[in-house]
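Undergrad: Just add 278 to the spot in the sequence shown (first one is 1) and you have our numbering. Ideal Cβ positions, reconstructed from N, Cα and C, are used throughout, including at glycine. Please read through the structure below; I'll follow up with questions.
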Amino acid sequence: MQYSVGVEYALHCLVYLIDVPSKESVGIKDLAEFQGLSETFLSKVFGKLSKAGIVSSVPGVKGGYRLSKSPEDISFWDVVEAVEGPKPIFQCKNIKENGYLYREGCCSAPSFCTINLVMLSAEEKMRDDLRSKTLSWLNEELNRVLPKQIREDTRKFFSKSSI
């Protein structure tokens with residue numbers, strides 16, 4: 279199982295948007311420059327976040343993105359689902375139907391797949407954990423674990439670039 283790097287970039291960028299005043303926005307160019315990646319890639323990620331209602335775009339020369347909801351209302355799972363889509367990680371192909379006992383129609387078994395049920399249950403537990411972590415939680419955690427100067431320099435970068 280592997281989520282795309284887009285999820286990681288999205289979460290990082292969304293944290294940067296927390297401190298942006300509600301009437302302002304941050305341009306994709308500044309977000310991409312800060313992360314060291316292409317604007318095209320980040321634009322695709324932010325298109326998905328916008329479609330999911332996590333961010334809103336501000337048109338124009340001074341335009342960009344800002345959070346559409348409060349950081350307390352945006353969970354890690356919201357971001358994962360926006361970037362990766364809603365389909366389950368495990369894709370049951372019902373391969374038991376190809377097994378020896380089922381090919382000749384000699385046996386009948388329940389139509390559910392026990393393996394699929396276990397995998398979906400495990401995924402739901404992971405989703406629950408991701409739902410319990412919000413951008414607000416991440417922001418507080420970063421304040422706790424990162425040097426104060428890094429957090430201050432990050433805020434300065436985005437406050438000057440949005441002016």
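#1: Going by beta-carbon coordinates alone, are Ser321 and Ile332 separated by less than 7 Å?
#2: Return the CA-CA distance between Tyr294 and Ser399, expressed in angstroms with no decimal places.
#3: Quick one: Cα of Asp351 to Cα of Ile373, how far?
#4: Assign Ser300 to buried or exposed, taking buried as 16 or more other Cβ atoms, counted over all protein chains shown, within 10 Å of its Cβ.
#5: Which one of Glu302, Lys347, Asp356, Pro337 has the shortest CA to CA distance from Glu286?
#6: Using alpha carbons as the reference points, say which of Asn417, Glu402, Pro366, Lys403 lies closest to Cys291.
#7: Would you mind reading off the limits of the alpha helix (DSSP H) that contains Gly284?
#8: For Trp415 and Met397, what's the separation of their Cα atoms in angstroms?
#9: Between Gly341 and the rest of its own chain, which residues show a CB-CB distance below 8 Å, the 5 nearest in sequence each way excluded?
#10: Does the beta-carbon distance from Asp297 to Arg433 come in below 7 Å?
#11: Rounded to whole angstroms, what is the Cα-Cα separation between Gly284 and Thr392?
TA: The relevant details are as follows:
#1: What you label residue 321 is simply residue 43 of the sequence shown in a count that begins at 1. What you label residue 332 is simply residue 54 of the sequence shown in a count that begins at 1. No; because the gap between Cβ atoms is not below 7 Å, this pair is not in contact.
#2: Residue 294 sits at position 16 when you count from the first residue of the sequence shown. Residue 399 sits at position 121 when you count from the first residue of the sequence shown. Approximately 33 Å between the Cα atoms of the pair.
#3: Reading the sequence shown from its first residue, position 73 is the one you call residue 351. Reading the sequence shown from its first residue, position 95 is the one you call residue 373. Cα to Cα, Asp351 sits roughly 40 Å from Ile373.
#4: The residue you call residue 300 lines up with position 22 of the sequence shown. Exposed: under 16 other Cβ atoms inside 10 Å.
#5: Taking the sequence shown and counting its residues from 1, the one referred to as residue 286 is at position 8. Glu286 has its Cα closest to that of Asp356, out of Glu302, Lys347, Asp356, Pro337.
#6: Residue 291 sits at position 13 when you count from the first residue of the sequence shown. The option with the nearest alpha carbon to Cys291 is Asn417.
#7: The residue labelled residue 284 in the question sits at position 6 within the sequence shown. Where Gly284 is concerned, the enclosing alpha helix (DSSP H) stretches over 283–295.
#8: As a first step, residue 415 must be located in the sequence shown, where it is residue number 137. As a first step, residue 397 must be located in the sequence shown, where it is residue number 119. Each residue's Cα considered, the two are about 28 Å apart.
#9: Translated into the one-based positions of the sequence shown, residue 341 becomes position 63. Same-chain partners within the cutoff: Ser303, Gly305, Ser335.
#10: Here the question's residue 297 lines up with position 19 in the sequence shown. Here the question's residue 433 lines up with position 155 in the sequence shown. In this structure, Arg433 lies closer than 7 Å to Asp297 by Cβ.
#11: The residue labelled residue 284 in the question sits at position 6 within the sequence shown. The residue labelled residue 392 in the question sits at position 114 within the sequence shown. When rounded, the distance between both Cα atoms is 32 Å.
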